[in-house]
Ligand SMILES: Cc1ncc(COP(=O)(O)O)c(C=O)c1O
């Protein structure tokens, strides 16, 4: 469908471009230096967890379930930390390992393990020739970088409103033994904010992979990150697997990076009992034992799932208005022009924006010239290559509301100018 600029007469389009150029000049003169690129909590949000820092001091009992916090050992993580992570993920604590502060680190280590040593007694991926990883796109660039880092072939799969295009996923996974994995963010996905439907989760659980060493990398990073009254439920993939008698298919990850402190949270992984035995073995070579003071502090602070939910409501009160502002500014600025679409998340950290074909790089560049840094265009696709150059990830959490408001004004002008210029070029 044509957008408003494409439908204008030549004279009207020239006048529209001149008017937007004048708006852009005006904005440039303000000398703004704003940032909508960073998917990280604002200082107000991290301040919510500062009381956690007071919960451990020299008088704290440094044992947990009779196990030492202040010494080597306890390789699976503190029992109370595993119980907390298990509640967040809705799984059996016996199958949970809490280790380190970064879930991405755990994902990396398991890709590395599969590459060098293989999964479930199969040949290491490095000895299997061509190895492919499915990348629902737009998706999380750091996922794609992990698989690319090991020379695996990242294969984009379309992302739909209810999850990855499962017809494509099923076809590729069940027909091609070179397909060894898929990156998934099943709840409040990065960057679209969508949550996989029950049907999509069940189709994942029902996969019959051609490769015995295929695993779903189920990154439930935003499991508790809703910011509206009503949480969007995600069907538990391990329950769906149990329904069909499936077993070694899923590695699920999570962390408290965006619950407490990014880079100082606690990270966890869960999988089937057999997969966890293998993961424990791999980790035992990579680590002596996990850092446990942070685990203890987290348990003392968050206590249990109810504690996590209460804490996340405080985050929601800060984050919700920022997302509402994105919706308002984009609707007011672009709603009637028909040159862009964007997602309307109720959780997570991002809004996924699509402009006209061939516009994203130019919009991000123009916004930067006008003083607003965005996530690089293309970052949401494997190798940074968005085939239609339309997608831009908006990260509204870090700036203050006032900064965000000004940044969005700039972004809207950049979208309008690039769209209008594209319409002009198309008729030249
Ligand atoms: C989907 C997703 N997974 C993982 C991470 C990083 O998590 P961690 O800090 O636990 O490594 C992020 C951070 O933005 C993310 O968006």
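Numbering (my numbering), first residue to last: 1156 to 1583. Glycine included, C-beta positions come from ideal geometry on N, C-alpha and C. Keep in mind that this is a model prediction, so the values were computed, not measured.
- Taking C-alpha positions only, residue 1530 is separated from residue 1190 by approximately 9 Å.
- In the three-state scheme derived from DSSP, where H, G and I count as helix and E and B as strand, residue 1377 is classed as coil.
- According to the DSSP assignment, residue 1548 belongs to the beta strand (DSSP E) that extends over 1546-1549.
- Here DSSP, grouped into helix, strand and coil, assigns residue 1216 to coil.
- In this structure, DSSP gives residue 1319 an extended state, which the three-state scheme calls strand.
- With distances taken between CA atoms, residue 1312 lies nearest to 1338 out of 1338, 1303 and 1330.
- Not one heavy atom of ligand 1 sits closer than 7 Å to the Cβ of residue 1457.
- Between residue 1288 and residue 1254, the CB-CB gap reaches or exceeds 8 Å.
- In this structure, ligand 1 has a non-hydrogen atom nearer than 7 Å to the beta-carbon of residue 1376.
- When DSSP states are grouped into helix, strand and coil, residue 1496 belongs to the strand group.
- The beta carbon of residue 1447 sits closer than 7 Å to the beta carbons of 1224, 1229 and 1233 from its chain, once the five residues preceding and following it are set aside; these are given in chain order.
- The Cβ-Cβ distance between residue 1503 and residue 1377 falls below 8 Å.
- In this structure, ligand 1 has a non-hydrogen atom nearer than 7 Å to the beta-carbon of residue 1259.
- Cβ atoms of residue 1389 and residue 1347 stay farther apart than 8 Å, at about 14 Å.
- Inclusion of residue 1382 and residue 1465 in the CB contact set at 8 Å is not warranted, their separation being larger than that value.
- Where residue 1513 is concerned, there is no enclosing beta strand (DSSP E), because DSSP gives it neither an H nor an E.
- The Cβ atoms of residue 1380 and residue 1411 lie no closer than 8 Å to each other.
- Residue pairing from DSSP places residue 1191 in a beta bridge opposite 1529.
- For residue 1358, the closest of 1374, 1322 and 1385 by C-alpha to C-alpha distance is 1322.
- Between the alpha carbons of residue 1301 and residue 1221 lies a distance of about 37 Å.
- The segment 1441-1466 is shown to contain whole alpha helix (DSSP H) runs of 4 or more residues at 1448-1457, in chain order.
- Distances taken from the Cβ of residue 1295 to the heavy atoms of ligand 1 include one shorter than 7 Å.
- The three-state reading of DSSP puts residue 1206 in helix, counting H, G and I together.
- If you draw a straight line from the Cα of residue 1460 to the Cα of residue 1239, it is about 7 Å long.
- By alpha-carbon distance to residue 1261, the top candidate from 1161, 1437 and 1215 is 1437.
- Taken in chain order, the complete beta strand (DSSP E) segments of 3 residues or longer contained in the segment 1317-1369 are 1334-1339.
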